[in-house]
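**Q**
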Amino acid sequence: MEKGPSFLFAGVSFDKKKFATDLARFKENKESENLADDFSFVEGEKTDPEKAMVSFVKKRKRKSIAGETVEGFNVFKSSKQLAPAVDKEKEKVEDGPSKAKKELNKQIERDAVFRKKYNIHVSGANVPSPLRTFAELSSRFGCESYLLRNLAEHGYKEPTPIQRQAIPVLLSDRECFACAPTGSGKTLAFLCPMLMKLRCASKDGIRAVILCPTRELATQTTRECKKLAKGNKFQIKLMKKELVRSTDLSKFSCDILISTPLRLRLAIRRKKIDLSRVEYLVLDEADKLFEVGNLLKHIDPVVKACSNPSIVRSLFSATLPDFVEELARSIMHDAVRVIVGRKNTASESIKQKLVFAGSEEGKLLALRQSFAE
Ligand SMILES: Nc1ncnc2c1ncn2[C@@H]1O[C@H](COP(=O)(O)OP(=O)(O)OP(=O)(O)O)[C@@H](O)[C@H]1O
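So in my numbering the end of the sequence shown lands on 383, straight run, no missing numbers.
The following block contains the structure:
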């Protein structure tokens, strides 16, 4: 039971026997709520119990106690059963974790605090640390000087939140679906790791494909890509109508190909363009890609044609409706989900608590007190 200041309960006696079942249920909820609170801190998802539990499971995994198994959804079944297990685990960890393990846990917490600061939410196993600065591209990932120079020339002083998290995910060869508001720098978030991974120009077929929902966006992305790649000899091509018409595309090669789904599908069907060596596939503005007309039916053949087993796929979008997320999950493996801001603000902003008011009059008092709090 919630212990409110005494004036609320003055003169109200609560019949614990009569409400024994409710009291027991509430106590149980309270316990699990406390547990969720404890563990949700790591991912900054304080009010979403499901995420808190995922985070909790992750934390258990991180501590990786020998012989401890996490029984999937059984974890949710009884908070009473859960509590002793957590205590045991804490004891074991306190018994003597190695320095490396301690350091790792500290790093995980630092990352969580950093993500919270930038409103970055992640899910997926072992999510790489976010970028603090663009200089880390060089110290952590060996970024070449031409790219750092180009970033500086563009006046990009520090990464935007989506860039902070999506870039290290993609540089760690993890598939990724990312959602961040319009104008938040998503283009750089996929171009930068792509250029870094491709390293230098090569005539080894088509190495990366970016799909955009409209020609205008494809043109804009090509322009951005060329600007960022300045100083390197990458072949960056926009799939134009003329290119589809004229060229024998079966031997066509370039480092990065940017296209709308329809044009690329035509190139696959009519000109036998070979996408089997594509190492990076980006679906940009995925909400629009999957929504506009029948684009989906053009995307499917492209995804299939990119048959390289070690391909890294990513999806960037300003919104992430459930159907987009489902589609993303259906084509990706072990993907990391990165969301900047909130996907479901309403549900996460609602905090619930149970207050025994005693009588009708008590309800009014309780309500008044809640507002005052
Ligand atoms: N790190 C950065 N610092 C400053 N400006 C940036 C940075 N990254 C990108 N920008 C600029 O922000 C603007 C918006 O970027 P961009 O078009 O990539 O956003 P977006 O998220 O892809 O938007 P949309 O959803 O409309 O496609 C561009 O002018 C870009 O040059």
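C-beta: ideal position from N, C-alpha, C; glycine also.
1) Looking at the unbroken alpha helix (DSSP H) that takes in R150, where does it start and where does it end?
2) Where does F17 land, buried or exposed, given buried means 16+ other C-beta within 10 angstroms?
3) Ligand 1: which residues have Cβ under 5 angstroms from any of its heavy atoms, chain order?
4) How many angstroms separate the CA atom of L125 from the CA atom of D310?
5) Hey, quick one: how far does the beta strand (DSSP E) through R9 stretch, first residue to last?
6) Going by CA-CA distance only, name the one from R287, V254, M204, Y290 that's closest to R280.
7) Among the candidates I177, A110, S139, whose CA atom is the shortest distance from the CA of M206?
8) Can you tell me the Cα-Cα spacing of E38 and A367, whole angstroms?
9) Indicate whether E289 and R217 have their beta-carbon atoms separated by less than 8 angstroms.
10) Using the DSSP secondary-structure output, state which residues sit across from C264 in a beta bridge.
11) Below 8 angstroms on the Cβ atoms is my contact criterion, and I expect R347 with G134 to pass it. Report the Cβ-Cβ distance as a whole number of Å.
12) When the Cα of R233 is compared with those of I118, V219, L248, which residue comes out closest?
13) Contact defined as beta carbons within less than 8 angstroms: I believe R275 pairs with V219. What is the distance between those atoms, to the nearest angstrom?
14) Tell me the rounded alpha-carbon separation between Q379 and I172.
15) Are the region 330–337 and the region 157–171 touching, with three or more C-beta to C-beta distances below 8 angstroms?
16) Give the straight-line distance between the Cα atoms of G215 and S149, rounded to the nearest whole angstrom.
17) Apply the 10 Å Cβ neighbour rule to P319 and answer buried if 16 or more other Cβ atoms are within range, or exposed otherwise.
18) Got a sec? Which residues, its chain only, sit under 8 angstroms from S182 by beta carbon, not counting five neighbours each side?
19) Check K247 in the structure and name its three-state DSSP category.
20) Let me know the secondary structure DSSP gives L161 once reduced to three states.
21) Taking F381 as part of the alpha helix (DSSP H), name the residues at either end of that continuous run.
22) Could you tell me which of K261, G351, I246 sits nearest to N129, measuring between CA atoms?
23) Work out the CA separation of V123 and K363 for me, nearest whole Å.
24) Can you tell me whether H343 is helix, strand or coil according to DSSP?
25) Just confirm the distance between the C-beta atoms of T270 and C222, as a whole number of angstroms; I'd bet it's less than 8 angstroms.
26) Hey, quick one: how far does the beta strand (DSSP E) through A188 stretch, first residue to last?
27) Between the C-alpha atoms of A199 and D294, what's the straight-line distance to the nearest angstrom?
28) With DSSP run on the structure shown, which of helix, strand or coil describes F326?
29) Assign L291 to one of three DSSP states: helix, strand, or coil.
30) According to the neighbour-count rule (16 or more other Cβ atoms, all chains shown, within 10 Å of its Cβ), is I246 buried or exposed?
31) According to DSSP, is I321 part of a helix, a strand, or is it coil?
32) Quick one: residues in its chain with C-beta nearer than 8 angstroms to the C-beta of E252, no 5 flanking neighbours on either side, listed in chain order?
33) In the DSSP assignment, find the beta strand (DSSP E) that holds V132 and state where it starts and stops.
**A** Looking at the coordinates:
1) Locating residue 150 in the sequence shown gives position 140, where the first residue counts as 1. Counting along the chain, the alpha helix (DSSP H) containing R150 begins and ends at 145–151.
2) Your numbering for residue 17 matches position 7 in the sequence shown. Note that F17 has pLDDT 39, beneath the 50 cutoff, so the model's placement of it is unreliable and the number below is only indicative. By the 10 Å Cβ count, F17 comes out exposed.
3) Y166, T170, T192, G193, S194, G195, K196, T197, L198, A328
4) As a working note, residue 125 is residue 115 in the sequence shown. As a working note, residue 310 is residue 300 in the sequence shown. It is worth fixing the name first, because residue 125 is Arg in this sequence and not Leu. Cα to Cα, the separation comes out at about 34 angstroms.
5) What is shown of the chain runs 11 to 383, which leaves residue 9 out entirely.
6) Counting from one through the sequence shown, the residue named residue 280 turns up at place 270. Considering only alpha carbons, the answer is V254.
7) Within the sequence shown, residue 206 is the residue found at index 196, counting from 1. For M206, the nearest C-alpha among the options comes from I177.
8) Residue 38 sits at position 28 when you count from the first residue of the sequence shown. Residue 367 sits at position 357 when you count from the first residue of the sequence shown. Confidence in E38 is poor, its pLDDT being 49 and thus under 50, which makes the residue's placement too unreliable to answer from.
9) On the sequence shown, position 279 is the one that residue 289 refers to. On the sequence shown, position 207 is the one that residue 217 refers to. Cβ distance < 8 angstroms, so E289 and R217 count as in contact.
10) If you number the sequence shown from 1, residue 264 lands on position 254. Answer is I216, bridged to C264.
11) Here residue 347 is taken as the residue at index 337 of the sequence shown, counted from 1. Here residue 134 is taken as the residue at index 124 of the sequence shown, counted from 1. 6 angstroms between Cβ atoms; contact.
12) Translated into positions along the sequence shown, residue 233 becomes position 223. Taking only the C-alpha atoms, the option nearest R233 is L248.
13) By 1-based counting over the sequence shown, the position of residue 275 is 265. By 1-based counting over the sequence shown, the position of residue 219 is 209. In fact, because the Cβ distance is near 12 angstroms, the residues do not count as touching under 8 angstroms.
14) Numbered from 1 along the sequence shown, position 369 holds the residue referred to as residue 379. Numbered from 1 along the sequence shown, position 162 holds the residue referred to as residue 172. Cα-Cα distance, rounded: 40 angstroms.
15) no
16) What you label residue 215 is simply residue 205 of the sequence shown in a count that begins at 1. What you label residue 149 is simply residue 139 of the sequence shown in a count that begins at 1. Going by the C-alpha atoms only, they are around 30 angstroms apart.
17) As a working note, residue 319 is residue 309 in the sequence shown. Burial call: exposed.
18) Your numbering for residue 182 matches position 172 in the sequence shown. Closer than 8 angstroms at the Cβ level, and outside the excluded window around S182, lie P138.
19) Counting from 1 along the sequence shown, the entry for residue 247 is found at position 237. In the structure shown, K247 sits in a strand (DSSP, three-state: E or B).
20) Within the sequence shown, numbered from 1, the residue matching residue 161 stands at position 151. Three-state DSSP puts L161 in a helix.
21) Along the sequence shown, one-based indexing puts residue 381 at 371. It spans 370–382 - the alpha helix (DSSP H) in which F381 sits, taken as one unbroken run.
22) The sequence position of residue 129 within the sequence shown is 119, counting from 1. It is G351 whose Cα lies nearest to the Cα of N129.
23) The residue given as residue 363 occupies position 353 in the sequence shown. The residue given as residue 123 occupies position 113 in the sequence shown. Distance between the alpha carbons of K363 and V123 is about 26 angstroms.
24) The residue you call residue 343 lines up with position 333 of the sequence shown. Correct three-state label for H343: coil.
25) Indexing the sequence shown from 1 puts residue 270 at position 260. Indexing the sequence shown from 1 puts residue 222 at position 212. With 8 angstroms as the limit, T270 and C222 qualify as a contact, their Cβ atoms being about 6 angstroms apart.
26) Your numbering for residue 188 matches position 178 in the sequence shown. Run containing A188: 186–189, per the beta strand (DSSP E) assignment.
27) Here residue 199 refers to the residue found at position 189 when the sequence shown is read from its first residue. Here residue 294 refers to the residue found at position 284 when the sequence shown is read from its first residue. About 11 angstroms.
28) What you label residue 326 is simply residue 316 of the sequence shown in a count that begins at 1. Strand.
29) Counting from 1 along the sequence shown, the entry for residue 291 is found at position 281. Of the three classes helix, strand and coil, the one that applies to L291 here is strand, per DSSP.
30) Within the sequence shown, numbered from 1, the residue matching residue 246 stands at position 236. By the neighbour-count rule (16 or more Cβ atoms within 10 Å), I246 is buried.
31) Here residue 321 corresponds to residue number 311 of the sequence shown, with the count starting at 1. In this structure, I321 counts as coil in the three-state DSSP scheme.
32) Numbered from its first residue, the sequence shown carries residue 252 at position 242. So the list is empty, once near-sequence residues are dropped.
33) Start at 1 with the first residue of the sequence shown, and residue 132 comes out as number 122. Taken as a continuous stretch (DSSP letters only), the beta strand (DSSP E) holding V132 covers 130–133.
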